Each structure stands twice: as C-alpha cells, then as structure tokens.
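Just add 14 to wherever you are in the sequence shown, counting from 1, and you've got the numbering used here. The beta carbon of each residue, even a glycine, is placed where N, CA and C say it ideally should be. These numbers were taken from a predicted model, which means no experiment stands behind them.
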Amino acid sequence: MDGILYRNGQGGCAYQIEPSLPHAADRVLEQHEVSARAIETYREISAAGRIEGAQPGQLIMTLFEELIDCIDNMYGAILSGRPLRRDVARNRADVILMSMETGTNADAGVLSKRMVSIYSGIRALLQRAVVESNVEHIVEARSRLQPIVEAWRAIV
15 MDGILYRNGQ GGCAYQIEPS LPHAADRVLE QHEVSARAIE TYREISAAGR IEGAQPGQLI
75 MTLFEELIDC IDNMYGAILS GRPLRRDVAR NRADVILMSM ETGTNADAGV LSKRMVSIYS
135 GIRALLQRAV VESNVEHIVE ARSRLQPIVE AWRAIV
C-alpha cells in the first residue's frame with residue numbers, strides 16, 4: 015500500500031505509511047520499526063566488540079551465542095507470525111552453521127565428522143521449522159546444540 019501525505023494540524027505535513035490506520039496507530043508501527051533497527055544495530059556493535067581481541071575459543075563461543083540468539087528469534091517470529099524476522103534469523107543461523115561445518119578440521123577423525131553431522135542436522139531442522147511453521151523443530155535444534163554450547167563454556 016502507498017502512504018498518504020496529510021496536514022498534521024501544526025502548520026506542516028506528515029507522511030503516513032499505512033493509510034488504513036489512524037495516525038496514532040501508524041506512529042506506533044513506525045516507532046516499533048525504529049526500535050527494532052536500533053536493537054539490531056546494538057547487537058551488531060556488541061558482537062563486533064566481543065570479537066575484537068578475542069581468543070579462538072571465545073570466538074567460537076561468540077558464534078554459538080549468536081546461533082542461539084538466531085534460533086530463539088526464529089522461535090519467537092514463528093509464534094508471532096513474523097515471516098520476515100523468521101527468515102532473517104534463519105539465514106543468519108544458516109551462515110553460522112555453514113561456517114562451523116566448513117571450519118571443522120576434516121583430518122580430526124570421528125569427532126569432526128560427528129560435529130559436521132550435528133551442524134547439518136540442526137540446519138535441516140531449522141529449514142523444516144520454516145517450511146512447516148513448526149516451533150517443535152526449533153526446540154529440537156536447540157536441544158541438540160545445548161550440550162555442545164555447555165561443553166565450550168566449560169572450556170572457555
């Protein structure tokens with residue numbers, strides 16, 4: 015839908031994004047979008063700060079924390095019916111999981127193959143969660159990831 019330009023009663027004009035909503039409701043929607051962008055920017059700055067100067071184990075832990083955030087965001091987005099937010103979180107989770115898969119030392123034997131299998135399985139669960147709009151797959155993905163995260167926390 016196209017927005018409309020209206021006189022705001024204070025000698026000026028304002029642009030309303032969603033013409034079917036009252037002006038106040040539209041402002042609330044705009045405020046929510048601005049807040050969401052601000053929160054995302056803060057998260058990116060926070061992640062960048064944690065990465066700078068971190069030890070290798072801490073970097074991996076940061077990836078796991080970001081992955082858990084993505085999984086939690088997917089869960090909330092599916093429950094609240096926000097497909098765009100769900101897809102952004104899933105894409106981010108997918109990138110993290112793929113980087114973990116490719117970063118696993120293939121020469122390390124059985125353990126590395128098992129880790130690649132776990133990461134691949136989590137990616138498949140997240141994909142099914144999106145296709146089926148089913149949070150149970152997200153819960154399963156998180157439960158598979160949790161022991162690995164706890165092990166890394168103990169190391170770092």
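message: Can you give me the C-alpha to C-alpha distance between Val163 and Phe78, rounded to a whole angstrom?
response: For this step, residue 163 is matched to residue 149 along the sequence shown. For this step, residue 78 is matched to residue 64 along the sequence shown. Taking the straight line joining both Cα atoms gives about 6 Å.
task: In angstroms with no decimal places, state the Cα-to-Cα distance between Ser113 and Asp101.
output: Indexing the sequence shown from 1 puts residue 113 at position 99. Indexing the sequence shown from 1 puts residue 101 at position 87. The straight-line gap from Cα to Cα measures roughly 18 Å.
Nonlocal neighbours in the same chain, by C-beta distance under 7 Å from Arg137, ignoring five residues either side: By 1-based counting over the sequence shown, the position of residue 137 is 123. Excluding sequence neighbours, Arg137 sits near Asp108 and Leu111.
field: Backbone secondary structure at Ser147 - three-state DSSP
entry: In the sequence shown, the residue the question calls residue 147 occupies position 133. Correct three-state label for Ser147: coil.
message: Once the 5 residues before and after Leu82 are set aside, which same chain residues still bring their CB inside 8 Å of it?
response: Position 68 of the sequence shown, counted from the first residue, corresponds to residue 82. For the record, residue 82 in the displayed sequence is Ile; it is not Leu. Cβ neighbours of Ile82 beyond the five flanking positions: Arg156, Leu159 and Val163.
query: Between Ala39 and Arg142, what straight-line distance do the alpha-carbon atoms span, to the nearest angstrom?
result: By 1-based counting over the sequence shown, the position of residue 39 is 25. By 1-based counting over the sequence shown, the position of residue 142 is 128. Annotation note: pLDDT 49 at Ala39 (below 50); position unreliable, coordinate value reported separately. Their Cα atoms are separated by approximately 35 Å.
message: Suppose the cutoff is 6 Å on Cβ atoms and the five residues either side in sequence are ignored; what does the same chain contact list for Ser75 look like?
response: Locating residue 75 in the sequence shown gives position 61, where the first residue counts as 1. This sequence places Met at residue 75; Ser is not what is there. Result list for Met75: Trp166 and Val170, in chain order.
message: Going by C-alpha to C-alpha distance, which of Gly123, Gly90, Gln72 and Asp121 sits closest to Val144?
response: Here residue 144 corresponds to residue number 130 of the sequence shown, with the count starting at 1. Of the listed residues, the one whose Cα sits closest to Val144 is Gly90.
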